[in-house]
């Protein structure tokens with residue numbers, strides 16, 4: 001808990017973790033003006049409305065309203081407690097926390113903590129067996145025959161589970177793990193006769209790690225003809241196949257650097273590609289790509305290259321995955337793999353350099369892939385099928401907003417099927433008219449030079465309300481302005497939240513006499529106040545605000561305060577007149593109140 005950690009330690013951890021660097025490990029950020037923008041990780045969106053201010057060390061989403069400092073972000077993103085967040089950031093920056101500090105509460109249940117711990121032990125055990133013992137020689141030889149080096153084996157912590165029925169069970173029993181917990185985790189299997197055995201025995205092991213690099217599940221490839229050929233851990237609270245991607249923890253830094261990800265279908269494709277120096281590769285876990293996985297990729301990159309098997313089943317899966325990625329806002333390309341080959345076999349036969357140069361770098365646009373893919377549904381030797389095929393292609397091209405791109409593919413159709421460009425263009429226009437005005441999806445789904453409309457409230461606020469927000473924004477970045485406001489109006493703000501924020505800010509500057517919005521937010525306990533302060537701190541302010549402008553804000557705030565006091569005083573007089581049974585005087589006062597309210601409404 002925060003009371004167990006000194007303020008100095010918290011500040012040391014916070015200041016040693018730059019908020020742009022930390023958040024940049026979770027989403028793709030692009031600089032626009034002073035701030036950085038990206039897709040919000042807390043709600044689904046296609047247009048970036050998530051802003052990070054490096055100067056102030058805070059973030060704010062103009063879509064969902066979440067905001068705060070680097071500690072707030074990790075707590076929200078990972079679901080960590082405050083101390084878990086402190087530990088995470090301390091480990092990241094190499095900051096030492098006092099040994100005496102202990103945290104009783106954890107965001108992970110005791111049972112899941114046991115499963116995580118057991119999984120880590122098992123991953124180390126299986127890897128050690130494969131690399132250094134006779135028990136793992138069979139698995140080691142299999143990987144060597146597949147061309148996998150020791151360096152790659154170590155990078156992915158590949159392992160081997162011995163064929164002995166209870167090897168893993170006995171190992172974990174000695175470590176003190178409860179058998180039922182291990183059965184629930186899928187490390188052990190319970191049979192109908194209630195006997196228990198190792199789930200992955202006799203298999204090469206592929207640890208499945210979460211985005212933090214912690215083993216949460218395993219995949220096993222049989223070497224003894226067992227069914228199924230590949231076996232995964234069962235789904236659990238920690239492991240949901242549709243929500244994670246294999247190798248994402250190792251690939252994400254390369255994905256960010258290259259601004260593109262390569263999507264594979266299986267473990268070995270990712271591992272072979274990694275060895276071929278394609279290190280931005282991830283894979284689904286034996287299931288089709290999900291919308292959750294697509295959104296995860298979109299937060300990191302603009303472009304995803306799909307590199308599935310180049311057979312009928314792989315092409316079908318590619319078409320389906322491409323649609324999901326496009327709906328998530330990704331620019332999709334298709335790897336130029338030779339027909340009926342898979343990535344792993346291509347690399348084994350032609351080498352890593354050829355894979356990079358001929359398959360990845362020469363990736364097809366989705367439209368080129370679609371034109372090829374569509375041909376399987378038609379017999380193009382028949383005139384009727386050719387016409388239907390061309391119509392289907394034109395329907396797709398009509399959805400493309402770029403006129404240059406449309407013309408490029410129309411020329412291909414014109415040349416291949418000897419149809420005039422005029423006819424094809426006319427048909428495209430007809431399709432586009434039926435679709436209605438097609439908005440530019442590319443600009444809607446990508447980062448533009450124009451930042452979101454920041455600082456604008458969602459509804460039109462009264463002049464005094466806007467004046468209070470702007471004044472607080474200046475107070476957050478200048479202690480001298482805060483001193484002036486404290487002297488002029490003190491806590492006489494009209495909005496209750498603004499009164500509280502101003503009071504906290506007076507105390508903050510009195511104690512620290514420094515401008516540090518991130519630190520100020522960290523000292524607030526009320527979550528709603530943190531949100532309001534973050535939103536106000538992101539408002540646009542002038543670097544050279546004049547005393548005259550500050551005085552204008554103060555005048556508007558003070559006038560509203562006085563007006564409210566006058567109306568309140570009149571209401572008390574009206575109530576007294578009613579009590580004295582003087583309806584004429586009460587009515588006169590009511591009219592004065594209405595007139596005052598009208599006058600003030602017109603001013604605001």
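In UniProt numbering, the protein residues as written are 1 to 604.
Virtual Cβ for every residue (Gly too), placed ideally from N, Cα, C.
Below 8 Å, how does it come out for the stretch 202-217 and the stretch 116-126: are there three or more Cβ pairs, yes or no? yes
Check for me: the beta strand (DSSP E) holding residue 35 runs from which residue to which? 35-38
Given this structure, state the Cα-to-Cα distance separating residue 338 from residue 310, to the nearest angstrom. 7 Å
Residue 384: buried (16+ other C-beta within 10 angstroms of its C-beta) or exposed? exposed
Between residue 512 and residue 10, what straight-line distance do the alpha-carbon atoms span, to the nearest angstrom? 15 Å
Report the rounded CA-to-CA distance for residue 412 versus residue 333, giving the unit in angstroms. 19 Å
Option in 376, 264, 469, 142 with minimal Cα separation from residue 500: 469
Of the listed residues 298, 289, 278, nearest to residue 651 (C-alpha basis): No information on residue 651 is available, as it lies outside the stretch 1 to 604 that the chain covers here.
Is it the case that the stretch 253-269 contacts the stretch 293-308, given that we only count it when at least three CB pairs across the two stretches are under 8 Å? yes
If contact is defined by three or more beta carbon pairs under 8 Å, each pair taking one atom from either stretch, is the stretch 158-166 in contact with the stretch 131-139? yes
Nearest to residue 471 by CA position, among 183, 216, 277, 498, is which residue? 498
Apart from the five residues just before and just after residue 369, which ones in its own chain have a Cβ nearer than 6 Å to its Cβ? 334
For residue 131, I'd like the list of residues in its chain whose CB is within less than 6 Å of its CB, leaving aside the five on either flank, ordered along the chain. none
Threshold first: 4 residues or longer. Then list the alpha helix (DSSP H) segments lying entirely within the stretch 503-588, N to C. 517-523, 527-537, 547-579
At least 3 beta-carbon pairs within less than 8 Å: the stretch 341-360 vs the stretch 271-279: yes
In chain order, which alpha helix (DSSP H) runs of at least 4 residues are fully inside the stretch 82-138? 82-93, 110-132
Give me, in chain order, the residues of the same chain whose beta-carbon lies closer than 8 Å to that of residue 80; leave out the 5 immediate sequence neighbours on both sides. 74, 88, 107
Give the single residue among 212, 479, 507, 404 whose Cα lies nearest to the Cα of residue 25. 212
Should residue 576 go down as buried or exposed, given a rule of 16 or more other Cβ atoms within 10 Å for buried? exposed
For the stretch 355-365 against the stretch 396-403, do three or more pairs of beta-carbon atoms, one drawn from each stretch, fall closer than 8 Å, so that the two count as touching? no
From this set, 462, 506, 516, which residue's C-alpha is nearest residue 477's C-alpha? 516
Three-state secondary structure assigned by DSSP to residue 456: In this prediction, residue 456 scores a pLDDT of 47, lower than 50, which makes its location untrustworthy; no coordinate-derived value is stated.
Span separating the alpha-carbon of residue 605 from that of residue 192: Within the shown structure, residues of the chain are numbered from 1 to 604, placing residue 605 beyond reach of any answer.
Would you mind listing the alpha helix (DSSP H) stretches within the stretch 456-487 that are 4+ residues and don't spill past its ends, in chain order? 463-477
Reduced DSSP secondary structure (H/G/I, E/B, other) of residue 190: strand
Along the chain, where does the alpha helix (DSSP H) containing residue 489 start, and where does it finish? That residue, residue 489, is in no alpha helix (DSSP H); it is neither H nor E in DSSP.
Ordered along the chain, which non-local residues of its own chain (more than five positions away) have a Cβ less than 7 Å from that of residue 391? none
Helix, strand or coil: how does DSSP classify residue 14 here? helix
Would you check if the stretch 483-493 and the stretch 502-509 touch, i.e. whether three or more CB-CB distances between them fall below 8 Å? yes
What is the DSSP secondary structure of residue 6, reduced to helix, strand or coil? coil
Taking the C-alpha atoms as reference points, what is the distance between residue 180 and residue 128? 25 Å
Out of 201, 359, 356, point me to the one whose CA is closest to residue 221's CA. 201
For residue 323, does the three-state DSSP call read helix, strand or coil? helix
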